[in-house]
Amino acid sequence: MRIGIKTLVFVIGALLMLVPAVVAGAMFTNAIQRRAEVANSARLGLLGEIVADQLGRRMHELWQDVEGMARVIRLADPEEVRRQFTLLSQVDRRYTWIGVADVQGNVIAASQGLLEGASVAERPWFRRGLNGPAAVDVHEAVLLAKLLPATREPRRFLDFSAPIRNEQGAVIGVIGAHFDWNMIRDIIQGVRGQGVDALLVSRDRVVLSGPPELQETRLSQSSAVAAGQGTSIALRERWPDSKDYMAAVIPSIQFKDMPSFGWSLIVRANLNTVLDPTRAIAQAFWLLLGAGALVGLILLYLFSAWLAKPLRRLVATTEALASGHTNQPPHDETRYEEAARLSAALVRLQTFSVRPYQPSRAEKGQPSTLAP
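First residue of the sequence shown? That's 120 in my numbering, and the numbers climb one at a time after it.
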C-alpha cells in the first residue's frame, strides 16, 4: 500500500520538528543539571569552609586562653590558682575542667579541686603537653567520670595542654583544659537542614559528629579517603543508606597557630533534594515543549490536509476522465499554483475529449482512397 501525500507530509514534518526539539531539549536539561551540580558543589564547599572557619576560630579562642595562662601562671600559690580556675569554669561553661600538674604528673591545682593530688602522668594531654602545645581528640571521661554529675550520655571531652616554664625556660609543669564535646557537636549539627549534613571526621576516618546512623562509624567513601589524604574535593557518591549525595571535603580544621586535632569536615547533601528545583525546571520545560509540539503537530496535520485535498480532488477527476466519465467538470483549484495549473489542464483535456471530431483542412482536400 502506497503512502498518501497527506501522511507523507505529516510524518516527514513531524520528524523534522520533533527530532531536533527532543535532541536540543535533552542537551539543555543535561546542561542545566550539570550546572546545578557544579553550583551546589560550590555551595557545599563554601558552607563547609564557613563551618570550618567558625569551628577553628572558636577553638582558637580557647587555645589562646590556655596558652596565655601557661605563660603567666605561677605554681607557688596553688590555692590562688585553684580559685582562679574555679572562677573561670563558673564564668565560661565551656571549661569542664582545668588544672595544672607538676612534671611528675601530679595535679597541683584544679577547678573546684577536682583531681587534686591524683596522677595524670599517663593521660595523653599531660604526656604531650610536656613536649609542647598539644590538642587531644575527643575522648570519654576517665578520671573525671566519677567526680562529675551523671548524665544520660557518657561525657566526652577534647583537651588543650601546654607546658609551663620558669624564668629560665625549663618545663616545671603542664596546664590542661577539658572542654565539653557538646560545644563542638552543636556547631556541627547547626548545619543540618534542607537535606544537608555536616560530618566531623577524625584522622582514621571515624565520624565524630554527624547523622546518628553514622556516629562512631569508619567511613570508606571516596570523600572520607580524600579527607584522610588532605585533599579538598567535591564529588557525587553513594553512601551506606543507598542514597546518592553530593559531598564537599574540607581536609583540615585549623586556625593560625592552634594545634591540630586532625579533623576533617565533610558536608554532604541528598542529591534528590539538591536537584529537585532543577528537575522541576526541567519538568516544566518538557511540559512546555510537549504542549508546543502537540500544537505544532495539530497545525502540521491541518496543513498536510490542506495541501492534500486539492490533489485528491484532481486525482479523482483524472481517474473519472480515464474511465470515460466526462459529465462532471474538474474542481477549480486555487489554493496554490501547481494545483491551479493542473486543474486548468484537466479542464482543457475534458473539453477536448467531449468535442465532436472535425477533420482538418488537409484532410478535407485529399481525394478519397476508396475504390469506386
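Heads up, the beta-carbon is just placed ideally off N, CA and C, and yes, glycines get one too.
Owing to the predicted nature of the structure, the values given are computational and were not obtained by experimental measurement.
(message) Give me the DSSP bridge partner(s) of Tyr214.
(response) Reading the sequence shown from its first residue, position 95 is the one you call residue 214. Answer is Phe298.
(request) Check whether the Cβ atoms of Val191 and Ala220 lie closer than 8 Å to each other. (result) Position 72 of the sequence shown, counted from the first residue, corresponds to residue 191. Position 101 of the sequence shown, counted from the first residue, corresponds to residue 220. Cβ distance not < 8 Å, so Val191 and Ala220 don't count as in contact.
(request) Can you give me the Cβ contacts of Thr148 inside the same chain, cut-off strictly under 7 Å, excluding the 5 residues immediately before and after it? (result) Position 29 of the sequence shown, counted from the start, is the residue given in the question as residue 148. Result list for Thr148: Ala401, Phe404, in chain order.
(request) Starting from the N-terminal side, write out each stretch of the beta strand (DSSP E) that is 3 residues or longer and does not extend beyond the region 310–355. (result) 315–320, 326–328
(message) Which of the three DSSP states is assigned to Ile307 in this structure?
(response) Taking the first residue of the sequence shown as position 1, residue 307 is located at position 188. Of the three classes helix, strand and coil, the one that applies to Ile307 here is helix, per DSSP.
(message) Could you give the first and the last residue of the continuous beta strand (DSSP E) run that contains Met377?
(response) Residue 377 sits at position 258 when you count from the first residue of the sequence shown. No beta strand (DSSP E) holds Met377; DSSP gives it neither H nor E.
(message) Taking 8 Å as the threshold (C-beta atoms), are Gly381 and Ser321 in contact?
(response) Taking the first residue of the sequence shown as position 1, residue 321 is located at position 202. Taking the first residue of the sequence shown as position 1, residue 381 is located at position 262. Yes; because the gap between Cβ atoms is below 8 Å, this pair is in contact.
(request) Could you pull out every unbroken alpha helix (DSSP H) segment of at least 4 residues lying fully inside the region 398–460, listed in chain order? (result) none
(message) Across the region 418–426 and the region 123–133, are there enough close Cβ pairs to call them in contact, namely three or more that are closer than 8 Å?
(response) yes
(message) Looking at Val386: is its Cβ nearer than 8 Å to the Cβ of Ala366?
(response) Numbered from its first residue, the sequence shown carries residue 386 at position 267. Numbered from its first residue, the sequence shown carries residue 366 at position 247. Going by C-beta atoms, Val386 is nearer than 8 Å to Ala366.
(request) Give the straight-line distance between the Cα atoms of Tyr476 and Leu468, rounded to the nearest whole angstrom. (result) Position 357 of the sequence shown, counted from the first residue, corresponds to residue 476. Position 349 of the sequence shown, counted from the first residue, corresponds to residue 468. Its pLDDT being 48, under 50, Tyr476 is placed unreliably by the model, and the measurement read from it follows with that caveat. Rounded to the nearest angstrom, the two C-alpha atoms are 14 Å apart.
(request) Go to Ile283, then tell me how far its beta strand (DSSP E) extends in each direction, as first and last residue. (result) Sequence index remark: in the sequence shown, residue 283 carries index 164 (1-based). Its beta strand (DSSP E) spans residues 275–284.
(message) Buried or exposed, going by whether 16 or more other CB atoms sit within 10 Å of the CB of Arg284?
(response) Within the sequence shown, numbered from 1, the residue matching residue 284 stands at position 165. The residue in question, Arg284, is exposed, as its Cβ has fewer than 16 Cβ neighbours within 10 Å.
(message) Spatial neighbours of Leu127 within its chain, please: C-beta separation below 6 Å, excluding the five flanking residues on both sides.
(response) Numbered from 1 along the sequence shown, position 8 holds the residue referred to as residue 127. Cβ neighbours of Leu127 beyond the five flanking positions: none.
(request) Please report the Cβ distance between Asp278 and Thr215, rounded to the nearest whole angstrom; I am assuming they are in contact, meaning their Cβ atoms lie under 8 Å. (result) If you number the sequence shown from 1, residue 278 lands on position 159. If you number the sequence shown from 1, residue 215 lands on position 96. In fact, because the Cβ distance is near 10 Å, the residues do not count as touching under 8 Å.
(message) For Trp182, which residues in the same chain have their Cβ closer than 6 Å to its Cβ, ignoring the five residues on either side in sequence?
(response) Taking the sequence shown and counting its residues from 1, one reaches residue 182 at position 63. So the qualifying residues of the chain are Phe279, Met377.
(request) Give the secondary structure of Gly462 by DSSP, where H, G and I count as helix, E and B as strand, and everything else as coil. (result) Here residue 462 is taken as the residue at index 343 of the sequence shown, counted from 1. Rather than Gly, the amino acid found at residue 462 in this sequence is Ser. Note: Ser462 maps to helix in three-state DSSP.
(message) Looking at the strands, I want to know which residues DSSP matches up with Leu233.
(response) Position 114 of the sequence shown, counting from 1, holds the residue named residue 233. Leu233 is not bridged to any residue.
(request) Can you grab the Cα-Cα spacing for the pair Lys265 / Gln287, in whole Å? (result) Position 146 of the sequence shown holds residue 265. Position 168 of the sequence shown holds residue 287. Each residue's Cα considered, the two are about 38 Å apart.
(request) Spatial neighbours of Val200 within its chain, please: CB distance less than 8 Å, with the 5 preceding and 5 following residues excluded, ordered by chain position. (result) For the purposes of this step, residue 200 is taken as residue 81 along the sequence shown, with counting starting at 1. Cβ neighbours of Val200 beyond the five flanking positions: Ile192, Arg193, Leu194, Val219, Ile227, Ala228.
(message) Tell me which residue opens and which closes the alpha helix (DSSP H) that Val142 is part of.
(response) For the purposes of this step, residue 142 is taken as residue 23 along the sequence shown, with counting starting at 1. Residues 124–191.
(message) Along the chain, where does the beta strand (DSSP E) containing Asn389 start, and where does it finish?
(response) Along the sequence shown, read from residue 1 onward, the residue named residue 389 stands at position 270. Unbroken beta strand (DSSP E) run through Asn389: 383–389.
(message) Counting C-beta neighbours from all protein chains within 10 Å, is the total for Trp425 16 or more, i.e. buried, or is it exposed?
(response) Taking the first residue of the sequence shown as position 1, residue 425 is located at position 306. Classification of Trp425: exposed, given that the 10 Å Cβ count is below 16.
(message) So, with DSSP's three-state summary, where would you put Asp196?
(response) As a position in the sequence shown, residue 196 is number 77, starting the count at 1. Residue state, collapsed to three classes: coil.
(request) Following the continuous beta strand (DSSP E) through Asp363, name the residue where it begins and the one where it ends. (result) Position 244 of the sequence shown holds residue 363. Looking at the DSSP string, the run of the beta strand (DSSP E) that includes Asp363 is 363–369.
(message) For the structure I just gave you, are there three or more beta carbon pairs, one from the region 231–248 and one from the region 143–161, closer than 8 Å?
(response) no
(request) Rounded to whole angstroms, what's the CA-CA distance from Ala253 to Met178? Just pull it up for me. (result) As a first step, residue 253 is located in the sequence shown; it is residue number 134 there, counting from the start. As a first step, residue 178 is located in the sequence shown; it is residue number 59 there, counting from the start. For Ala253 and Met178, the distance between alpha carbons rounds to 13 Å.
(request) Buried or exposed for Asp451, please, with buried defined as at least 16 other CB atoms from any protein chain shown within 10 angstroms of its CB. (result) Numbered from 1 along the sequence shown, position 332 holds the residue referred to as residue 451. Burial call: exposed.
(request) Let me know the secondary structure DSSP gives Asp395 once reduced to three states. (result) The sequence position of residue 395 within the sequence shown is 276, counting from 1. It is helical.
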